[in-house]
Amino acid sequence: MTRRTLITLIITAIFLSCDNLKRLETKELVEINPTEHIFYVPLDKLRQTILNSFNEHKEINSPFYQSSIFYFNVDMGNGEHKMTVSFNAETAGNALFGKEHFEKPNTENDIYIHSFGQYWYSPIYYAGGQALEFRTPFILTFEKINEEQTLLKVRPETPKVIKGVAGLTAHGFYSKEIDVEPTTVEEYSLILFIAEQLGDTTLKPLTTKTKE
282 MTRRTLITLI ITAIFLSCDN LKRLETKELV EINPTEHIFY VPLDKLRQTI LNSFNEHKEI
342 NSPFYQSSIF YFNVDMGNGE HKMTVSFNAE TAGNALFGKE HFEKPNTEND IYIHSFGQYW
402 YSPIYYAGGQ ALEFRTPFIL TFEKINEEQT LLKVRPETPK VIKGVAGLTA HGFYSKEIDV
462 EPTTVEEYSL ILFIAEQLGD TTLKPLTTKT KE
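Residue numbers for the sequence shown follow our numbering, beginning at 282 and rising by one.
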């Protein structure tokens, strides 16, 4: 390692470590969003709709999804470009990211949704006035109410935010992840996307406004 490289790494470490000192700010929603919803469709239809919906083609062509919180910015050299976060739906029969979840009892009918580890910007968690990057997989569970009604529940599995750096490896610095509480914004965003795919327009709008 050259002297210049070492100095650069030290300066970078000092700069990045400042983020570790910034206080984690948690904003409070003016109204908590629902994290479950009864859809007026049979369980099998709802489940299959969800499996069909969480793919890149559906998400790109969804007006709701394209205006949702699920995006991140990438610097292409000519300015930042908005990129959509793509989710993938897994079941007990094809789980990769969600394999550990489906090893638990009574999970065979669940759907596990993940973003391949990609982050998006949290509307709730901030540091130094800047929105923190947030990620989590989601567990979707189903309860049959009757032949034509199904209760869907959305539960974040391991919500985390990035805040500062945790250390240095041979490949460079790696980010510090902090466990946080679910926000209800992500959960209800997914419910609204599913409702859009079903043509259900009866749900109330998403709340992202926070208290002063």
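Every residue gets a Cβ at the ideal spot worked out from N, C-alpha and C, and that includes glycine.
From Gln399, Gln478 and His382, residue whose alpha carbon lies closest to that of Thr372: His382
8 Å Cβ cutoff met for Leu413 and Leu421: no
Cβ neighbours of Tyr469 in the same chain (closer than 7 Å, five flanking residues each side left out): Asn314, Pro315, Thr316 and Leu487
Beta-carbon proximity list for Val355, same chain, < 6 Å, skipping 5 on both sides: His362 and Met364
Simplified DSSP state of Ser403, which is helix, strand or coil: strand
Inter-residue spacing [alpha-carbon to alpha-carbon] between Ser334 and Val461: 27 Å
CB of Pro463 within 8 Å of CB of Pro440, strictly: yes
Neighbourhood of Leu377 by C-beta distance below 8 Å, restricted to the same chain and skipping five residues each side: Glu371
Supposed contact pair Tyr321 and Glu429 - C-beta distance, whole angstroms, cut 8 Å: 6 Å
Own chain partners of Arg436 with C-beta closer than 6 Å, once the 5 adjacent residues on each side are dropped: Ile420
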